[in-house]
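Residue numbers (my numbering): 3 to 161. For glycine and all other residues, C-beta sits at the position ideal for the given N, C-alpha and C. The structure appears right after this line, and notes come after that.
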């Protein structure tokens, strides 16, 4: 098989397998009531200061409307807390409940194990090359996403 075929096969398998393996690892008996997508919403909310819906939606590259559906479910299940702003009651801030923080830690633990497992057999040069290659791959996908978003805009709004 040529370079193109090998790389295509590896990338397609990697994207699929990472999602499948992650889901099996993080959706345990304790977290059986949420999805992999829910876990990524929890990750985007994070354990720092409360965030507004717009900033979380932007981080996840979804609309606020789409996020609201997931957020309603996570609030109902006890993973997320909504609070009105003290200065501006129209603003809603989102933070993790204690249960949400435990889910966040569980998910972060999986990611640490994944990175440690990938890197353990590599020497320093291999790690540097891998990071450089994956950074370039990430940049390509981000540029492609920006291009796709721009193409969705009406012609007069494209810059």
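Check: Measure the C-alpha to C-alpha separation of residue 111 and residue 29 and round it to an integer number of angstroms.; Outcome: 13 Å
Check: Can you give me the C-alpha to C-alpha distance between residue 113 and residue 89, rounded to a whole angstrom?; Outcome: 37 Å
Check: So, under 8 Å CB-CB, residue 53 and residue 95 are touching, yes? Tell me the CB distance rounded to an integer number of Å.; Outcome: 7 Å
Check: Under the rule that 16 or more other beta-carbon atoms within 10 Å means buried, what is residue 1, buried or exposed?; Outcome: Absent from the model: residue 1. The displayed extent of the chain is 3 to 161, so no value can be given.
Check: Mind checking whether residue 46 and residue 36 have CB atoms under 7 Å apart?; Outcome: no
Check: In terms of residue numbering, what span does the alpha helix (DSSP H) encompassing residue 153 cover?; Outcome: 126-154
Check: Can you have a look at residue 13 and say buried or exposed, based on whether 16 or more other CB atoms are within 10 angstroms of its CB?; Outcome: exposed
Check: Taking its Cβ as the centre, do 16 or more other Cβ atoms sit within 10 Å of residue 34, making it buried, or is it exposed?; Outcome: exposed
Check: Within 10 angstroms of the Cβ of residue 3, are there 16 or more other Cβ atoms? Answer buried if so, exposed if not.; Outcome: exposed
Check: Once the 5 residues before and after residue 147 are set aside, which same chain residues still bring their CB inside 8 Å of it?; Outcome: 63
Check: Quick one: using the 10 Å Cβ neighbour count with 16 as the cut-off for buried, is residue 49 buried or exposed?; Outcome: exposed
Check: What are the complete alpha helix (DSSP H) segments, minimum 4 residues, inside the stretch 43-75?; Outcome: 55-62
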